[in-house]
Amino acid sequence: MPIYEYRCKNCGKEFEVLQKVDDPPVVTCKYCQGEASRIISLTNFQLKGTGWYATDYKDKGKKEAERKGDKEKKAEGKEGAKDS
């Protein structure tokens, strides 16, 4: 569930409320019972670990093709050495 931030128009205090997306917005301040409105705040998340395009998917097809090509070259080299 997202955490929404609100600011009271009467006392100016800011407060957070944990709400479902489809819950109605809070209209009263929890401190002074004045009128409150939702404010836009920054999100807080971090992209960690693997599973992102740059590390796992980018050029994946090229790397697999290169590996197959390297294996074929090694196999050809071994066959050529046996023939000599």
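Residues 11 to 94, numbered by the numbering used here, are exactly what the sequence shown covers, in order. Just so you know, even glycine gets a beta-carbon here, dropped at the ideal spot from N, CA and C. Here the structure is a predicted model, which is why all the values come from computation and not from measurement.
### Task
Go to S47, then tell me how far its beta strand (DSSP E) extends in each direction, as first and last residue.
Numbered from 1 along the sequence shown, position 37 holds the residue referred to as residue 47. S47 -> beta strand (DSSP E) spans A46 to I49.
### Query
Which same chain residues, not among the five before or five after L57, have their C-beta less than 8 Å away from its C-beta?
Position 47 of the sequence shown holds residue 57. Correct list: empty, nothing qualifies.
### Query
In or out: Y41 buried (at least 16 other Cβ within 10 Å) or exposed?
The count along the sequence shown starts at 1 and reaches residue 41 at position 31. Classification of Y41: exposed, given that the 10 Å Cβ count is below 16.
### Query
Nearest to P34 by CA position, among L52, N54, Q43 and R48, is which residue?
Along the sequence shown, one-based indexing puts residue 34 at 24. Out of L52, N54, Q43 and R48, R48 has the C-alpha closest to the C-alpha of P34.
### Task
For T53, name the three-state secondary structure that DSSP assigns.
Position 43 of the sequence shown holds residue 53. In the structure shown, T53 sits in coil (DSSP, three-state: anything other than H, G, I, E or B).
### Message
Considering only the alpha carbon of each residue, which of Y14, N20, L28 and P12 lies closest to C39?
### Response
Position 29 of the sequence shown, counting from 1, holds the residue named residue 39. Among Y14, N20, L28 and P12, the Cα nearest to that of C39 belongs to N20.
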